[in-house]
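Numbering follows this note's numbering, with no gaps: position 84 of the sequence shown is 86. Just so it is clear, CB atoms sit at the ideal spot from N, CA and C, and this is done for glycine as well.
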Amino acid sequence: MTQRRYDLDWLRIAAFAILILYHCGMFYVTWGWHVKSSHAGPLIEPLTQLANPWRLTLLFLISGAASRFMADKMASGAFLKARMGRLWPPLLLAVFVIVPPQSYYEILEFLQTHDIPQSPWLDNFYIKYVTASGSWCDEEGFLTTPTYNHMWFVLYLILYTLALVLLLPLLRRIPAGAVTWMIAGPGIFLAPWAFLFATRVFLFPLFGESHDFREDWYLHTLYLGVFLLGFGIAKHQPFFDAAVSLRWPMLGLALAAWASLQAYYHIYTQSEAPPPEALRAAFRGVREAQAWAAILSVIGFVHHHFRERDTPLRQMLSRAIFPFYLIHQTITVTAGHHLDRLGLPVIGEAPLLIGATALGCWLFYDLGRRIPPLRIWIGLPSGKGGRGAP
């Protein structure tokens, strides 16, 4: 398996595309987010819950696989330099340039919702943002700046890459068959599911999901685990062959688990009594069954149909999708805030929001790729012919 893995490129493109659409949907659900539409309600929440349990887990799995292909081509020091050179500049650009508008509109909507005068809270906003001298609140409490918001994924990827480099001497000495037996036969579903279930049952109640890298131990355990799993299975063809053969049963299992969760959510959102702890734990297992079954299904379908399919679209999107991710949430937040003020019906507003996000992503990428000094700051290699994935 020495040729470029087109299926992994397509998987990465699809995973980021789902994430971008998911964030557009967050403007319309009842859960907390940076800005909210006046049309927000529960209508599309089941659709977002179809992707929520597995979208980011899949991204870390793919990132681990991509790291395997890179690490096998170079020494540890060169690998670390290459990864840090591709991840740190976009993260810094995001924290100090791209993310501030998200915080601004989040604070602005909080002030407007609570009839609080904007001055002095938003006076000299950027200076307060970068110097952490602002004292702001949002719907979830105190807001600390500067912040990385959606770019927590990149920060966590940096941390896991550092961990991987420390582990590489050990990993390179482990025989290939020492780990792969765990995911042979039924283990391809049961072993990862057991890991996901255990972390959800034992760590999630203690730590939750904060995206604060200093205390996010549930997510660190989960995402570092699947990152290393991706590293381990990247060149293990029997894993992908099994995913192909199981793609339809896993799709059925994922949909059945999702339907069961929707019934569970419906019953207990209508009831004032909390679910029994044993039932809550059982449905955490159902949630993780949905997550891993969906991941296996997606991997199976994409590997079956796209492992040898290269097109100009793949070549373009494999370069563009990370810059799209870098800028998309700021465009969605900014466009969403202003579109909501127009009072449009949701059937007109939502397509405009998605269209503005897509157009803004493309313009950001197209401008950045044409100006050589900007390329490394938006996650592109410095040379026009460079390839590779964050």
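For this session: Apply the 10 Å Cβ neighbour rule to Arg-202 and answer buried if 16 or more other Cβ atoms are within range, or exposed otherwise.
Result: Arg-202 is buried by the Cβ-count criterion.
Exercise. How about Gln-331 and His-152: do their beta carbons lie closer than 8 Å?
Worked result: His-152 sits close to Gln-331, with the two beta carbons spaced by under 8 Å.
For this session: Return helix, strand or coil for Phe-144, following the three-state DSSP convention.
Result: It is a strand residue.
Exercise. Which residues does DSSP pair with Trp-123 in a beta bridge?
Worked result: DSSP, once it has assigned bridges, lists no residue as partnering Trp-123.
Exercise. For Trp-35, does the three-state DSSP call read helix, strand or coil?
Worked result: Looking at Trp-35 - three-state DSSP - the assignment turns out to be coil, as it is neither helix nor strand.
For this session: Counting only the same chain and skipping the five closest in sequence on each side, list residues whose C-beta sits under 6 Å from that of Phe-206.
Result: Taken in chain order, the residues that qualify are Tyr-220.
Exercise. CB Leu-13 to CB Val-246, shorter than 8 Å?
Worked result: Taking a C-beta distance under 8 Å as the contact criterion, Leu-13 and Val-246 do not qualify as a contact pair.
For this session: Mark Ala-265 as exposed unless 16 or more other C-beta atoms lie within 10 angstroms of its C-beta, in which case mark it buried.
Result: By the neighbour-count rule (16 or more Cβ atoms within 10 Å), Ala-265 is not buried but exposed.
For this session: Would you decide whether Gly-227 is buried or exposed? Buried here means 16 or more other CB atoms lie within 10 Å of its CB.
Result: It counts as buried.
Exercise. Opposite Cys-139 in the DSSP bridges: which residues?
Worked result: DSSP lists Phe-144 as partners of Cys-139.
Exercise. By the 10 Å Cβ neighbour count, where 16 or more other Cβ atoms means buried, how is His-268 classified, buried or exposed?
Worked result: An exposed status is given to His-268, since fewer than 16 other beta-carbon atoms sit within 10 Å of its beta-carbon.
Exercise. Leaving out five residues before and five after Thr-336 in sequence, what residues of the same chain have Cβ atoms less than 7 Å from its Cβ?
Worked result: In its chain, beyond the 5 residues on either side, Pro-103, Tyr-107 have a beta carbon closer than 7 Å to the beta carbon of Thr-336.
Problem set entry | Inter-residue Cα distance where the pair is Gly-210 and Thr-223 | The alpha-carbon separation between Gly-210 and Thr-223 amounts to approximately 12 Å.
Exercise. From Ala-196 to Trp-250, what does the alpha carbon distance come to, in whole angstroms?
Worked result: C-alpha separation (whole angstroms): 21 Å.
Problem set entry | Which listed residue (Glu-279, Arg-377, Ala-236) has its alpha carbon closest to that of Asp-11 | Of the listed residues, the one whose Cα sits closest to Asp-11 is Ala-236.
Problem set entry | Runs of beta strand (DSSP E) wholly within the segment 149-205 (minimum 3 residues, chain order) | Runs of the beta strand (DSSP E) inside the segment 149-205: none found.
Exercise. So what's Ile-323 in DSSP terms, helix, strand or just coil?
Worked result: In the structure shown, Ile-323 adopts helical secondary structure according to DSSP, grouped into three states.
Problem set entry | 6 Å Cβ shell around Met-252 - same chain, five flanking residues per side excluded | These residues qualify, in order along the chain: Ala-295, Leu-298, Ser-299.
Problem set entry | Close beta carbons around Gln-114, own chain, < 7 Å, minus the five adjacent residues each side | Closer than 7 Å at Cβ, skipping near neighbours: no residue.
Exercise. What residue from Ala-77, Leu-192, Leu-110 has the CA that sits closest to Leu-166's CA?
Worked result: Of the listed residues, the one whose Cα sits closest to Leu-166 is Ala-77.
Exercise. What residue from Gln-51, Phe-81, Leu-93 has the CA that sits closest to Thr-149's CA?
Worked result: Nearest C-alpha to Thr-149 among Gln-51, Phe-81, Leu-93: Leu-93.
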